[in-house]
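Chemist:
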């Protein structure tokens, strides 16, 4: 059983703004408490201690009165989880510093005029007349009842509800539980390696490509418009505007929709070809440590690959397809036919020519095959010396 989320964009209202503003106030107040205790005693307060010290404070009571008794408790659980995550990261950093770009930072505060997530527990959520409802007093204040028609949320599987600030709007998230099928077990293990990039958004080890032109076009338009808006804001002495928020939401929605189509196409390809395992190359330093021309670098660092990976992962899980992750080190320099590794192998972007066996192959497809082999050493190699391997095909979305 896993959690899945239905996300619904809603226009901004005074009620939403008040709820999320009060949540921000409580988050900052609780964070201040934990930070001061940590500085004075080098000890991190656990949830019960945080709750015990915060429950009578004004920030706690205001959110409790408006959103319900369990909502501030849910928020303090998030504060506690943030600090526990910091503690675990710091302990791991002391042992494995090479895994990190720097020392983990102590959790900080949200902006003074910022907003934060509001959570209603399963006990606070009701499904009546085919609609999801939170507390009655909030409904009277104008909180919407969400129709469940065509949604997978039911009385039996519904869980928490979250309200999040979302650029110039708000996002209502309905969390529900879903049972997953067992992983596919087949006599013949069929594996597909995936290499993610800019020119080719996804290259697959069997020769299929999904081009990255649409993503680059979205980013180029976004960067151009953002620069114009930023110039106007500087003249006005402002840092943000509704127009800027609308532009950021436009980009998010465009990429979100595209990534759903891409991930759906890849999983459909897996089902049609009886693929039981997906191997995805992942580079933790995608944004921090790449050598590219400024324009390419701007495109690359603007692609939220983690979102695409999340979509691939949950869609694969729902079809019983195993998902594995490997690092990308040397996959672009190593020949997927003879294993010869050299920087000179990659002659120029898009083309891989092995200096040892003379293999000619699309460079990203070659990397995808090496990614698959990292997880499955028995992965079938291309073979014949000097062959032009795997005709490249494009998936149209």
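Residue numbers (our numbering): 583 to 979.
We put the beta carbon where it would ideally sit given N, CA and C, even for glycine.
Between residue 801 and residue 791, is the Cβ-Cβ spacing less than 8 Å?
Modeler: In this structure, residue 791 does not lie closer than 8 Å to residue 801 by Cβ.
Chemist: Measure the C-alpha to C-alpha separation of residue 600 and residue 915 and round it to an integer number of angstroms.
Modeler: Approximately 54 Å, taken between the alpha carbons.
Chemist: From the DSSP secondary-structure annotation, give me the bridge partner or partners of residue 786.
Modeler: Note: residue 786 sits in a beta bridge opposite 776.
Chemist: Which term fits residue 863, buried or exposed, when burial requires 16 or more other beta carbons within 10 angstroms of its beta carbon?
Modeler: By the 10 Å Cβ count, residue 863 comes out buried.
Chemist: Alpha carbon to alpha carbon, how far is residue 747 from residue 726? Give it in angstroms, no decimals.
Modeler: Rounded to the nearest angstrom, the two C-alpha atoms are 16 Å apart.
Chemist: Considering only the beta carbon of each residue, do residue 754 and residue 743 sit closer than 8 Å?
Modeler: Result yes, Cβ atoms of residue 754 and residue 743 sit closer than 8 Å.
Chemist: Indicate the three-state DSSP secondary structure (helix, strand or coil) for residue 991 in the structure shown.
Modeler: Residue 991 is absent from the model: the chain starts at 583 and stops at 979.
Chemist: Mapping the DSSP letters down to three states, classify residue 935 as helix, strand or coil.
Modeler: Residue state, collapsed to three classes: strand.
Chemist: Note down the Cα distance separating residue 696 from residue 774, rounded to an integer number of angstroms.
Modeler: Taking the straight line joining both Cα atoms gives about 43 Å.
Chemist: Does residue 793 come out as helix, strand or coil in the three-state DSSP assignment?
Modeler: Looking at residue 793 - three-state DSSP - the assignment turns out to be strand.
Chemist: I need the DSSP call for residue 801, collapsed to helix, strand or coil.
Modeler: Helix, per DSSP.
Chemist: Taking the alpha carbon of residue 670 as the reference point, which residue from 911, 947 and 626 has its own alpha carbon closest?
Modeler: Minimum Cα distance to residue 670 is reached at 626.
Chemist: Look at the Cβ atom of residue 639, then the Cβ atom of residue 604, and state whether they are nearer than 8 Å.
Modeler: No.
Chemist: Rounded to whole angstroms, what is the Cα-Cα separation between residue 780 and residue 798?
Modeler: In a straight line, the C-alpha of residue 780 is about 8 Å away from that of residue 798.
Chemist: Would you decide whether residue 736 is buried or exposed? Buried here means 16 or more other CB atoms lie within 10 Å of its CB.
Modeler: Under this definition residue 736 is an exposed residue.
Chemist: Excluding sequence positions up to five away, which residues of its chain have a Cβ less than 7 Å from the Cβ of residue 616?
Modeler: 626, 627, 632, 661 and 665, listed in sequence order.
Chemist: Spatial neighbours of residue 692 within its chain, please: CB distance less than 7 Å, with the 5 preceding and 5 following residues excluded, ordered by chain position.
Modeler: So the qualifying residues of the chain are 606, 609, 610 and 698.
Chemist: Per DSSP, what kind of secondary structure is residue 614 in: helix, strand or coil?
Modeler: Helix.
Chemist: Pairing CB atoms from the segment 896 to 903 with CB atoms from the segment 943 to 953, are three or more of them under 8 Å?
Modeler: No contact exists between the segment 896 to 903 and the segment 943 to 953.
Chemist: Count the other CB atoms, across all protein chains shown, that sit within 10 Å of the CB of residue 785; report buried if there are 16 or more and exposed otherwise.
Modeler: Classification of residue 785: buried, given that the 10 Å Cβ count is 16 or more.
Chemist: Please classify residue 679: does DSSP put it in a helix, a strand, or coil?
Modeler: Helix, per DSSP.
Chemist: Which one of 897, 777 and 908 has the shortest CA to CA distance from residue 944?
Modeler: Nearest C-alpha to residue 944: 777.
Chemist: Tell me whether residue 888 is buried or exposed, calling it buried when 16 or more other Cβ atoms sit within 10 Å of its Cβ.
Modeler: Exposed is the call here.
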